[in-house]
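**Q**
Residue numbers (this note's numbering): 137 to 436.
Set out below in structure tokens:
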């Protein structure tokens with residue numbers, strides 16, 4: 137190898153490189169900004185388990201506030217689409233947190249064409265069995281999310297969404313859409329509270345252990361419905377996915393034995409801790425919810 141070639145190789149090796157993981161993190165950060173700040177309208181298909189739904193979505197910014205208008209198209213008895221208002225928002229995707237690197241490996245894949253636009257594949261691959269693989273397809277120019285899937289250990293999609301038509305409006309052409317007053321549905325929310333809640337400094341409840349990567353991020357006190365006692369909500373996150381732990385007073389009716397339910401990627405696990413009814417909700421495997429519940433401790 138001649139001197140000039142050696143010099144060129146040494147210079148190239150010295151140049152800073154952007155890893156695939158860094159590219160993936162940048163695209164995810166851009167996406168999480170785009171779903172909040174862009175004005176867009178379109179049609180998307182959402183699949184959860186065996187349920188398939190189609191939504192018409194408009195998202196705009198008015199005076200710095202986000203407003204969503206969502207219509208779910210349901211199949212009528214005569215084969216016609218009957219519109220029904222329903223809450224749904226792409227803003228359910230969380231901001232990536234540093235602890236995510238402990239439990240997810242980020243990678244960038246090839247390109248796909250979705251809704252007539254080109255998007256880049258980003259994969260968040262779990263390092264253990266406690267969470268799902270997340271697969272995104274993001275427009276690298278606008279940052280808009282065009283396609284998303286949660287994949288289990290058997291390589292089956294337990295939840296996915298995809299735009300079939302999408303228009304991103306320049307700020308001067310933003311579509312004016314009415315604000316939705318409907319309560320959040322399980323589609324639109326990752327275990328966030330629907331009832332009024334106040335921040336709670338929680339010394340009464342704590343976790344002796346949590347699955348790797350999970351940290352408690354918030355503790356809230358929700359007002360009880362119809363005169364019932366308030367419900368405590370503890371929110372955990374692994375940096376990409378959140379889990380809510382709801383704790384009801386022992387006097388609440390119907391404290392059940394351990395029970396688990398699933399709806400696509402959303403799982404629910406209910407158990408009893410020190411006489412309190414505890415319900416865990418999140419887009420993680422049931423085994424993860426059960427593991428979290430075993431670490432919950434009540435200070436008497």
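Every residue gets a Cβ at the ideal spot worked out from N, C-alpha and C, and that includes glycine.
Computed from a predicted structure; not experimentally measured.
Helix, strand or coil: how does DSSP classify residue 442 here?
**A** There is simply no residue 442 to check, as the chain begins at 137 and stops at 436 in what is shown.
**Q** Roughly how many whole angstroms lie between the Cα atoms of residue 156 and residue 244?
**A** Rounded to the nearest angstrom, the two C-alpha atoms are 6 Å apart.
**Q** With a cut-off of 8 Å, do at least 3 Cβ pairs link the stretch 171-191 to the stretch 274-285?
**A** At 8 Å Cβ cutoff, the stretches touch.
**Q** Could you give the residue range of the beta strand (DSSP E) that holds residue 423?
**A** Residue 423 -> not in any beta strand (DSSP E); alpha helix (DSSP H) instead, spanning 422-430.
**Q** Quick check: what's the CA-CA separation for residue 352 versus residue 385?
**A** Going from the Cα of residue 352 to the Cα of residue 385 covers about 21 Å.
**Q** For the ligand FAD, any of its heavy atoms closer than 8 Å to the Cβ of residue 304?
**A** Looking at this structure, you won't find the ligand FAD or any other ligand, since it has none at all.
**Q** So for residue 173, helix, strand or coil by DSSP?
**A** Residue 173 falls in the helix class under three-state DSSP.
**Q** Considering only the alpha carbon of each residue, which of 431, 410, 380 lies closest to residue 358?
**A** Closest option to residue 358, Cα to Cα, is 380.
**Q** I need the DSSP call for residue 192, collapsed to helix, strand or coil.
**A** Three-state result, residue 192: strand.
**Q** Going by DSSP in three states, residue 247 sits in which element: helix, strand or coil?
**A** Note: residue 247 maps to strand in three-state DSSP.
**Q** Quick one: Cα of residue 184 to Cα of residue 399, how far?
**A** For residue 184 and residue 399, the distance between alpha carbons rounds to 7 Å.
**Q** In whole angstroms, give me the CA-to-CA distance for residue 159 and residue 237.
**A** Spanning the two alpha carbons is a distance of roughly 14 Å.
**Q** Beta-carbon within less than 7 Å of residue 339's beta-carbon, same chain only, minus the 5 sequence neighbours each way: which residues are those?
**A** The residues are 435.
**Q** Is it right to say residue 175 is buried, meaning 16 or more other beta carbons lie within 10 angstroms of its own, or is it exposed?
**A** Burial call: buried.
**Q** Using only alpha-carbon positions, find the residue among 187, 271, 251, 431 that is nearest to residue 343.
**A** Closest by alpha carbon: 431.
**Q** Of all the options 268, 188, 208, which has the alpha carbon lying nearest to the alpha carbon of residue 194?
**A** Of the candidates 268, 188, 208, the one whose C-alpha sits nearest the C-alpha of residue 194 is 208.
**Q** Buried or exposed for residue 318, please, with buried defined as at least 16 other CB atoms from any protein chain shown within 10 angstroms of its CB.
**A** At residue 318 the pLDDT is 34, less than 50, meaning the model places this residue with poor confidence; the figure from the coordinates comes in the next sentence. Exposed, since its Cβ has fewer than 16 Cβ neighbours within 10 Å.
**Q** Does DSSP put residue 167 in a helix, in a strand, or in coil?
**A** Three-state DSSP puts residue 167 in a helix.
**Q** Among 298, 355, 433, 200, whose alpha-carbon lies nearest the alpha-carbon of residue 255?
**A** Considering only alpha carbons, the answer is 298.
**Q** If I'm right that residue 161 touches residue 242 with Cβ under 8 Å, what's the distance once you round it to whole angstroms?
**A** That belief holds up - the Cβ atoms of residue 161 and residue 242 are roughly 6 Å apart, short of 8 Å.
**Q** Short check: CB of residue 178 to CB of residue 302, under 9 Å?
**A** Yes, Cβ-Cβ distance for residue 178 and residue 302 is below 9 Å.
**Q** What's the C-alpha gap between residue 423 and residue 349?
**A** Answer to the nearest angstrom: the Cα atoms are 15 Å apart.
**Q** Between which two residues does the alpha helix (DSSP H) holding residue 376 run?
**A** From DSSP, residue 376 is part of no alpha helix (DSSP H); its letter is neither H nor E.
**Q** Looking only at its own chain, which residues have a Cβ that is under 8 Å from the Cβ of residue 265, when we skip the five neighbours before and after it?
**A** Answer for residue 265: 289, 421, 423, listed in chain order.
**Q** Determine the direct distance from the alpha carbon of residue 375 to that of residue 413, and round the result to whole angstroms.
**A** Taking the straight line from one Cα to the other gives about 27 Å.
**Q** Using only the alpha-carbon positions, how far apart do residue 401 and residue 306 sit?
**A** The alpha-carbon atoms of residue 401 and residue 306 are separated by roughly 34 Å.
**Q** Between 182, 198, 201, 246, which has its C-alpha nearest residue 192's C-alpha?
**A** Here the closest residue by C-alpha is 182.
**Q** Report the rounded CA-to-CA distance for residue 409 versus residue 373, giving the unit in angstroms.
**A** Each residue's alpha carbon lies about 21 Å from the other.
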